[in-house]
Amino acid sequence: MTQCALLSKIANNRSLTGYCENLIRKINFKNSGINTKVNLNQALKNKKSTTDSYMFFGADVIHPTNVTRQHPSIAVVVGSCDSLCSTT
Numbered sequence: 001m002t003q004c005a006l007l008s009k010i011a012n013n014r015s016l017t018g019y020c021e022n023l024i025r026k027i028n029f030k031n032s033g034i035n036t037k038v039n040l041n042q043a044l045k046n047k048k049s050t051t052d053s054y055m056f057f058g059a060d061v062i063h064p065t066n067v068t069r070q071h072p073s074i075a076v077v078v079g080s081c082d083s084l085c086s087t088t
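The sequence shown lines up with residues 1 to 88 when you count with the UniProt record's numbering.
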């Protein structure tokens, strides 16, 4: 597994925290880690019916960097309805 980091970003204290958090998420994902997890007890505490099924969505947008400004932004949406995100 490899992950590039730009010295100019690490040296920039204004954006260091966000840059390092993003870097750690990428490394964790590449190592099959889980970056986020739905707290089902919290998410479903106000459910109206015990027979309803639920789907959770996540969305993100990746914008081009200064190096790749000619490329468009990429938007993604994912959804889950497996046994971990359903009341069925």
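The C-beta atom is built at its ideal place from N, Cα and C for all residues, glycine as well.
Using only CA atoms, which one of A59, T2 and L6 lies nearest to T65? L6
Going straight from the alpha carbon of S73 to that of V38, what length do you get? 26 Å
For the alpha helix (DSSP H) that G18 lies in, which residues bound it at each end? L16 to K30
Among residues of its own chain, excluding the 5 on either side of K45, which ones have a beta-carbon nearer than 6 Å to its beta-carbon? none
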